[in-house]
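Numbered continuously in the numbering used here, the sequence shown closes out at residue 301. Idealized CB from N, CA, C, for every residue including glycine. Predicted, not measured: the structure shown is a model, and the values here were computed from it. Shown next, in structure tokens, is the structure this report addresses.
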Amino acid sequence: MRNFLGVVVAMMLSGCGGQMGEGVTSEQQAGAAEGLSLTRGAESASGRFSHGGVEVLFSSRQVEPGVFRLEVRHSGMTLTGLVDTANGVSSLDGFAEDSGQDTQMLDGDRELLTALYAALNAELPAGTALSPELKYLRRAVGLWAEHPGSVQLQRTVMGEQGRGYTMLCSYAKCNSSYTGSCSTYNWYSYAKHDCQHGGFDLAKNQQIAQLGDHGTCSGDELYLNSSGSWVCGEPDHLSRPKVRGNCFGRCGGGCGGDTQYTVDATNHDGCVRNGHALASAYCDDQFTSASDDELFASDCY
């Protein structure tokens, strides 16, 4: 753990350094029942999650007012820290349990954490009904589920509204509602990224988005093609296409978890949904910019 701004700030997340299942014995895999088991206590929560024969252990507890210690462990890797919500500071770290060496998030880790995130979303409510220790656990899991392998696990995340993140709650509405289908759209211009094609100002690196929980198609979004027809899927560097669906601009993957819509989360969506994979190094800067949004931004509803 590290002392940061007078507060011990640490977060322990345990993942696998190789593909999912590496470091887990066949007996452990065979004995792990599929699904989520959650135990709640006073200002604490812990549980187990099994997916594809691999078990995850996790916990969250408040150790000081507004300071939460989180732990997620699987397949021989550990990340440690705490989230200080009062000061908007978190310290993230990751290493292999057996050697203490730095490691990185790989496809198997993201797959497993994405499944855990979905299970937490199905089990837990959104908004103020959720206790803070579970809220920050779920937010951290959602953040790590999208963590690129090319971004260091050991880093400090700081968030401050108006400087670290900018809310876009009003743009997530259509027909005066955050959810439901749209008869008229409330477009946000633009979702931007930079990559091998060019910078943020390049039209092919921009999308005009309807933010919010307004439908999906086969688990994906829709975009308006050059013929004026809505197409299910993600555009690949078209010139400023209009896009909607799959909770564009929301922190975390898809439509799960909390209900935060921010500029940086919108730009991250605009990168990974515009011809780039989730773990693409071209989207690293958007991911790091959106990290404080996911951990600290308030819910829109």
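Please confirm whether residue i and residue j have their CB atoms less than 8 Å apart.
i      : j      : result
Gln152 : Tyr185 : no
Leu283 : Ala172 : The residue you asked about is not Leu; residue 283 is Cys in the sequence shown. No, they are not a contact pair.
Gly363 : Gly142 : For residue 363 there is no data in the structure shown, the boundaries of the chain being 1 and 301.
Leu38  : Gly47  : yes
Val72  : Phe95  : no
Asp293 : Tyr165 : yes
Thr259 : Leu168 : no
Ser289 : Asp264 : yes
Ala119 : Leu202 : no
Glu55  : His74  : yes
Val157 : Ser90  : yes
Does the beta-carbon of residue i have 16 or more other beta-carbons within 10 angstroms, so that it is buried, or is it exposed?
i      : result
Cys247 : buried
Arg40  : exposed
Cys195 : buried
His197 : exposed
Ala33  : exposed
Asp107 : exposed
Ser291 : buried
Leu13  : Legend: pLDDT at Leu13 = 37, less than 50; position of this residue unreliable, value from coordinates given subsequently. Answer is buried; the Cβ neighbour count reaches 16.
Ala122 : exposed
Gly31  : The pLDDT assigned to Gly31 is 43, lower than 50, so where the model puts this residue is not dependable; a value taken from the coordinates is nonetheless given after this. It is exposed - the Cβ of Gly31 has fewer than 16 other Cβ atoms within 10 Å.
With a cut-off of 8 Å on the beta carbons, I'd call residue i and residue j a contact; round off their distance for me.
i      : j      : result
His214 : Cys174 : 6 Å
Gly199 : Asp236 : Rounded, the Cβ-Cβ distance is 18 Å, inconsistent with contact.
Tyr136 : Ser60  : 7 Å
Ala45  : Leu134 : 5 Å
Among the residues of its own chain, which have a CB less than 7 Å from the CB of residue i, if the five just before and after it don't count?
i      : result
Thr114 : Ala145 and Gly253
Arg155 : Leu92
Ser181 : His214 and Gly215
Ser150 : Ala281 and Asp284
Ser183 : Asn175
Thr25  : Because the pLDDT of Thr25 is 41, which lies under 50, any placement of that residue in the model is unreliable, and the question is left without a value.
I'd like the list of long-range same chain contacts for residue i, defined as Cβ closer than 8 Å, with 5 residues on each side in sequence excluded.
i      : result
Tyr190 : Gln206, Gln207, Ile208, Ala209, Arg240 and Gly270
Pro148 : Met105, Leu278, Ala279, Ser280, Ala281, Cys283, Asp284 and Phe287
Thr179 : Gly212, Asp213 and His214
Gly249 : Leu168, Tyr171, Ala172, Tyr188, Ala191, Ala209, Leu211, Gly212, Tyr261, Thr262, Ala265, Thr266 and Asp269
Val231 : Leu222, Tyr223, Leu224 and Asn225
Ser229 : none
Excluding sequence positions up to five away, which residues of its chain have a Cβ less than 6 Å from the Cβ of residue i?
i      : result
Phe296 : Gly88 and Gly159
Val63  : Arg69
Lys242 : Ile208 and Leu224
Lys204 : His197, His237 and Ser239
Cys255 : Asp213 and Cys247
Gly233 : Asp220
Ala140 : Leu70
Arg138 : Leu120 and Gly257
Pro132 : none
Ser177 : none
For chain B, is any of its Cβ atoms less than 8 Å away from the one on residue i?
i     : result
Phe68 : Judged by its chain identifiers, the structure shown contains no chain B, having just a single protein chain.
Please find out if some non-hydrogen atom of the ligand HEM comes closer than 7 Å to the beta-carbon of residue i.
i      : result
Asn274 : Only the bare structure without any ligand can be found here, which leaves the ligand HEM out of the picture.
>> Would the segment 269 to 287 count as touching the segment 119 to 133 if we require 3 or more Cβ pairs under 8 Å?
In response: Contact between the segment 269 to 287 and the segment 119 to 133 is absent, because fewer than three Cβ pairs lie under 8 Å.
>> Tell me whether the segment 96 to 112 and the segment 214 to 226 touch, counting them as touching only if at least three CB pairs, one residue from each stretch, are closer than 8 Å.
In response: no
>> Measuring CB atoms only, is the segment 59 to 73 touching the segment 83 to 96, in the sense that at least three cross pairs come out at less than 8 Å?
In response: yes
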